[in-house]
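Chemist:
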Amino acid sequence: MSDVLDDLSRYPDLKAPELHAVDATDRLVLDEAGAALAEAPDGSVVVIGDRYGALTLGAIARHGVTGVRTHQDRLTGERALHANAARLGLTGFTSHALDASLVAGARLVLLQLPRSLDALDEVAALVAEHADPAVVVVAGGRVKHMTTAMNDVLARHLGTVEARLARQKSRVLVASHPRPAAERPHRRRPERAEHRDLGITVCAHGGAFAGTAVDIGTRALLAHLDAVPHTTGSAVDLGCGTGVLAVALARLRPGLSITATDESAAAVASAHATVEANGVADRVTVVRADAAGALPDASVDLVLLNPPFHVGAAVHAGVARALFADAARVLRPGGELWAVWNSHLRYRPSLESVVGPTRQLGRDPKFTVTVSTRRDAPRAGRDRSRAAIPDAATHDTATPDAEEQA
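Heads up: the sequence shown begins at 1181 in this note's numbering, then just goes up one per residue.
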């Protein structure tokens, strides 16, 4: 009989088509939790961090588990889970936010270990506080991404943590026995930090990139933001993270209506809190969306972008190039994409091709800041925002600025 895991797809996540929907960690977690899954009462199983549905649908198809509650940080992963379930005719699960309702009364938690220790701490704290006292957490990861600090984080909240034998470069940690409340650390979520040099308070949940810090790429773009044209139109902070750029722009250009988007649930929750904390909620709307989501074509005057270069743990330039294409889609002719990117990635040819003429505002060995103007009409009679995007590593043919020649 075929295994449901063999039939899973990453669709609609097409940013890195060579990556797979299932890996050895998914299989190991399901195998280690097999006996517990076979005996799990209805509604007692929770899955956190399922990338494309392998853990959720594997538990349902292999063991007949029902009432599974799932949380996935990435929206594309959540959509892939639902698409896989519909295609395979599987039901018996619901998607939830990362909050008390997700884990209330849970007896078994299947977890793909996040790389962020803060994200793991937030999950472990929720489980210890709200799950059944008999809860067991089966947490798996790739050995190369695991550290003993993960054991320590789990042990702050759960009294027993056991590392199982590795298989196919993956390993499982099994944690149980929630500690009494008096023995557990208590961290306010989202956490807050004031950045007096920027005049911004940053709020962050555990899974948000850079946490309450302001990463150096964002700082590089912030250094040029006062040069943004004065306008009363609309703007998008694309892949907003904790919302720092959206807040800074709202303060600099109060006439703008700003939409901040991110596919990460942790980022969106953090950005909501950051926007509220800085008093700009009347001008900034935060939306969980893949890229620009449902924003109409040619509807925006300005896009800000500090693109990621990872798909999960894998380094992949396809994420940034997909964001360039969606920025081009939503920009009006003459609208501008203000972007910051790692200098060694040489994204300028992609920006020239997909968006339009691109000028450089600043460059150092780490980061380049550019402004790309949406061309008035598609080249060669076709919309370049939907065309194939050249690989920046092999198609760096644009004429460099003086700083790039240095």
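Note that the Cβ used here is the ideal one computed from N, Cα and C, for glycine as well.
On a predicted model such as this, the values are computed, not experimentally measured, just so you know.
(1) Given A1343, which residues of its chain have a CB within under 7 Å of its CB, disregarding the five upstream and five downstream residues?
(2) On the premise that A1388 lies in contact with T1422, defined as a C-beta separation below 8 Å, what is that separation, rounded to the nearest angstrom?
(3) What residues are listed by DSSP as bridge partners for S1350?
(4) Between the segment 1219 to 1237 and the segment 1359 to 1379, do three or more beta carbon pairs fall short of 8 Å?
(5) What does the alpha-carbon distance come out to for the pair G1233 and L1188?
(6) Alpha carbon to alpha carbon, what distance is there between A1472 and D1506?
(7) Given that a residue counts as buried once 16 or more other Cβ atoms are within 10 Å of its Cβ, and exposed if not, what is H1410?
(8) What residue range does the beta strand (DSSP E) around D1481 cover?
(9) Given this structure, state the Cα-to-Cα distance separating L1485 from R1190, to the nearest angstrom.
(10) Which residues in the same chain as D1477 place their Cβ atom closer than 8 Å to its Cβ, once the five residues preceding and following it in sequence are excluded?
(11) To the nearest whole angstrom, what separates the beta carbons of P1192 and T1256, a pair I think is in contact under 8 Å?
(12) Per DSSP, which one or two residues make a beta bridge with P1221?
(13) Helix or strand or just coil, what does DSSP make of H1251?
(14) Tell me which same chain residues have a C-beta within less than 8 Å of the C-beta of H1276, skipping the five on either side of it?
(15) State the beta-bridge partners of I1380 as determined by DSSP.
(16) Say whether the segment 1375 to 1383 touches the segment 1304 to 1317, bearing in mind that this needs 3 or more beta-carbon pairs closer than 8 Å, one atom from each stretch.
(17) Only counting the same chain, and skipping five residues up and downstream in sequence, which positions put a Cβ closer than 7 Å to that of H1124?
(18) Can you tell me which of the three DSSP states R1336 falls into?
(19) Grab me the residues of V1333's own chain with a C-beta within less than 7 Å of its C-beta, minus the 5 sequence neighbours each way, in chain order.
(20) Since L1237 contacts L1194 with CB under 8 Å, what's their CB separation in whole angstroms?
(21) With DSSP run on the structure shown, which of helix, strand or coil describes D1301?
(22) Give me the Cα-Cα distance between P1365 and H1357, rounded to the nearest whole angstrom.
(23) Helix, strand or coil for G1594 per DSSP?
(24) Hey, V1448 and V1382 are a contact pair by Cβ (cut 8 Å); roughly how many whole angstroms apart?
(25) Report the rounded CA-to-CA distance for A1280 versus R1287, giving the unit in angstroms.
(26) Which residues in the same chain have their Cβ closer than 6 Å to the Cβ of T1553, if we skip the five residues on either side of it in sequence?
Modeler: So, from the data block:
(1) N1331, R1351, L1353
(2) 5 Å
(3) DSSP lists R1322, R1347 as partners of S1350.
(4) no
(5) Using only the alpha carbons, I get a separation of about 8 Å.
(6) 6 Å
(7) Counting Cβ neighbours within 10 Å, H1410 comes out exposed, since fewer than 16 surround it.
(8) 1480 to 1485
(9) 25 Å
(10) R1509, V1510
(11) Between P1192 and T1256 a beta carbon distance of about 6 Å is seen, short of the 8 Å cut, so the two are scored as contacting.
(12) Checking the DSSP bridge columns, you'll see P1221 has no partner listed.
(13) strand
(14) R1249, T1250, H1251, L1282
(15) H1375
(16) no
(17) Look at the range of the chain in this structure, 1181 to 1586, and you will see that residue 1124 is not part of it.
(18) helix
(19) Once the five neighbours on either side are set aside, the close Cβ partners of V1333 are L1297, L1300, D1301, A1304.
(20) About 20 Å separates the two Cβ atoms, so there is no contact after all.
(21) helix
(22) Roughly 15 Å separates the two Cα atoms.
(23) Limits of the chain in this structure are 1181 at one end and 1586 at the other, which puts residue 1594 out of reach.
(24) For V1448 against V1382, the beta-carbon gap comes to about 15 Å, at or over 8 Å, which does not count as contact.
(25) The alpha-carbon atoms of A1280 and R1287 are separated by roughly 14 Å.
(26) E1516, G1536, P1537
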